[in-house]
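Mapping to this note's numbering: the sequence shown position 155 is 155, numbers consecutive.
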Amino acid sequence: MSQKRNNDLIGSCARIRSPFDQCVGQIEIMSQSQATDLLALLRKNHHDKHALCDRLEEIADSLPDNLDRHICATAARSIDPILKKAHQFEEEELFPKLAEHNKTRKEFDLILSRLTGEHHEDLCFGEEVRDALLALASDTPVQSADATGYMLRGFFENLRRHMAFEAEIAKSIQFTKTAPELTPSAAE
Ligand SMILES: [Fe+2]
Numbered sequence: 001m002s003q004k005r006n007n008d009l010i011g012s013c014a015r016i017r018s019p020f021d022q023c024v025g026q027i028e029i030m031s032q033s034q035a036t037d038l039l040a041l042l043r044k045n046h047h048d049k050h051a052l053c054d055r056l057e058e059i060a061d062s063l064p065d066n067l068d069r070h071i072c073a074t075a076a077r078s079i080d081p082i083l084k085k086a087h088q089f090e091e092e093e094l095f096p097k098l099a100e101h102n103k104t105r106k107e108f109d110l111i112l113s114r115l116t117g118e119h120h121e122d123l124c125f126g127e128e129v130r131d132a133l134l135a136l137a138s139d140t141p142v143q144s145a146d147a148t149g150y151m152l153r154g155f156f157e158n159l160r161r162h163m164a165f166e167a168e169i170a171k172s173i174q175f176t177k178t179a180p181e182l183t184p185s186a187a188e
C-alpha cells in the first residue's frame, strides 16, 4: 500500500471524526462492565502493537551498521500474531458492539469499514516487512538499508496512526450508559 493511499485513508477517517464525536455520548445501552472489558482488551492489544512499533523503530535506527539480527528475527516473527490477535478482537467483538449500539448512524458503518480495511492493508504490509526483516536477519538483504528503513517507518507510522484513531473511539465507550442508569430526561 502506498504511503499516499494510507494518508488519504487516515485523512478520510479524520474528516469523519467530528460527527462521530458528536454522537459518542449517545451510545445508549452497553453494560459498564462490558465497556470496561472491551477497553481493557483494546488497551492490551494497543500496548503490544506499540511495543512492536518501538522495536521496529529501534531496528530502523540501527541500520545499516548496528543491526542486531536476533532482534530483527524476533520482531519479524511477532508481526503477524500481534496484528491478527488485535484485528480479531476488534472485528469480532469491539466493532460489532459499536455498530449494534449505533446502528442508526451511517457514519459508524463507514468508520468501522475503513478501520477494517486498514487491518487488511496492515497485514499485507506486515508480510512485506516480515520478509525484509528475515532477509536482514539471515544476512541476505533483498534491498538497500535505506529502503528497509523507509519501509519500516512507513509501517509503524501507519500502525500508530491507526491506534491513535481507535483510542479516540475507545473514549466514547467510557461514556456508555446502561439502561437502568438512564434517567427519564437522559432517555428522552
Ligand atoms: Fe484496529
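Where is the CB? At the ideal position from N, CA and C, for every residue including glycine.
So, under 8 Å CB-CB, residue i and residue j are touching, yes? Tell me the CB distance rounded to an integer number of Å.
i: Leu123; j: Ala75; result: About 16 Å separates the two Cβ atoms, so there is no contact after all.
i: Asn102; j: Phe108; result: 4 Å
i: Leu152; j: Ile79; result: That belief does not hold up - the Cβ atoms of Leu152 and Ile79 are roughly 11 Å apart, past 8 Å.
i: Asn45; j: Phe89; result: 6 Å
Should residue i and residue j be called a contact, given that it needs their Cβ atoms to be closer than 8 Å?
i: Phe156; j: Cys72; result: no
i: His50; j: Glu118; result: no
i: Leu38; j: Glu93; result: yes
i: Leu115; j: Glu168; result: no
i: Gly126; j: Leu63; result: no
i: Leu98; j: Leu112; result: yes
Quick one: using the 10 Å Cβ neighbour count with 16 as the cut-off for buried, is residue i buried or exposed?
i: Val142; result: exposed
i: Thr148; result: buried
i: His120; result: exposed
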